[in-house]
Amino acid sequence: MEDDLKAARERAAEAKRLAERAEAEANALAESALSVAAETKAGTEEEAPEHVEPDGSADIEESSVGTVGRSPRSRALVVTASAMAVLILACVAISAILIQRHSSAVADREREAAIIESVREDVTALIAPTFQDAHGSAQKILDGATGDWASQFEPNMDAFAQALTEAQVQSSADISEIGIERHNDDGTTDVLVAATSKVTNSSAQQESTRAWRLRVNVALVDGEYKLAKVDPVV
Numbered sequence: 006m007e008d009d010l011k012a013a014r015e016r017a018a019e020a021k022r023l024a025e026r027a028e029a030e031a032n033a034l035a036e037s038a039l040s041v042a043a044e045t046k047a048g049t050e051e052e053a054p055e056h057v058e059p060d061g062s063a064d065i066e067e068s069s070v071g072t073v074g075r076s077p078r079s080r081a082l083v084v085t086a087s088a089m090a091v092l093i094l095a096c097v098a099i100s101a102i103l104i105q106r107h108s109s110a111v112a113d114r115e116r117e118a119a120i121i122e123s124v125r126e127d128v129t130a131l132i133a134p135t136f137q138d139a140h141g142s143a144q145k146i147l148d149g150a151t152g153d154w155a156s157q158f159e160p161n162m163d164a165f166a167q168a169l170t171e172a173q174v175q176s177s178a179d180i181s182e183i184g185i186e187r188h189n190d191d192g193t194t195d196v197l198v199a200a201t202s203k204v205t206n207s208s209a210q211q212e213s214t215r216a217w218r219l220r221v222n223v224a225l226v227d228g229e230y231k232l233a234k235v236d237p238v239v
């Protein structure tokens, strides 16, 4: 599970890098296209001939200058070639922008998938501990915690494990619904979770079922997504 999360985060990071590079290349190509277009327009305006009434001397000048200057046809070819170059550059720039947007969307999807999978694992650890490995259950909860949630749970970690052992608590979890609520400006993500847990202990003759509705705040810490806050949804 941890290897899958790590691979997903690496793919998301690589997609983000490719998206940023594609965006930079697209911007550079767009600027180049605009520059070529401006130069082409300026050159065409400068070379545009003024209207001159035909006379006898015009024929002489045309024949003598024809081998040195550009004819109207050659100027038209230059303008056409420049316009084609601008069009090609514009198409390349647009393609790069579309690729960048696609890569960004892929990176977002992979990031959200990694967040959801991490939350699924951490919430399962929280609502389905077992007395058969009480300290391991408590440690797994702490490993998936950070921020306020870690500060709340860590001081009570030993008491939690002791209570599991004394009551011989055995539980299982079923995450029925989980989804991203919003991405926050501080880089964290709020996730809503609906789950049920089935619990047995030494004092209860029958298995009991508990419904959970939680809002968890997820933060990225050293390349891993962890629960920063855990609040019940009333």
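In the numbering used here, the protein residues as written are 6 to 239.
Glycine included, each C-beta is placed from N, C-alpha and C at the ideal position.
On a predicted model such as this, the values are computed, not experimentally measured, just so you know.
For Gly141, three-class secondary structure by DSSP: helix
Residues near Gln175 in its chain [Cβ-Cβ closer than 8 Å; skip 5 each side]: Thr135, Phe136, Gln137, Val204, Thr205 and Asn206
For Ser213, the residue or residues it bridges with in DSSP: Val204
Closest Cα partner of Asp227 within the set Ala150, Leu219 and Ser202: Ala150
The segment 118-136 touching the segment 219-234, judged by at least three CB pairs closer than 8 Å: yes
Nearest to Val196 (by Cα), restricted to the options Glu212, Asp163 and Ala233: Ala233
At least 3 beta-carbon pairs within less than 8 Å: the segment 113-122 vs the segment 158-178: no
Expected contact under 8 Å - CB spacing of Val235 and Trp154 to nearest Å: 5 Å
With 16 other Cβ atoms within 10 Å as the buried cut-off, status of Leu82: exposed
Member of Ala110, Ser177, Ala172 and Arg218 whose CA lies at the smallest distance from the CA of Ala199: Arg218
Cβ neighbours of Leu169 in the same chain (closer than 8 Å, five flanking residues each side left out): Pro134, Thr135, Phe136, Ala139, Ser142 and Ala143
Tyr230 beta carbon less than 8 Å from that of Ser109: no
Reference Ala166, options Gly152, Ile146, Glu182 and Ala178, closest by Cα: Ile146
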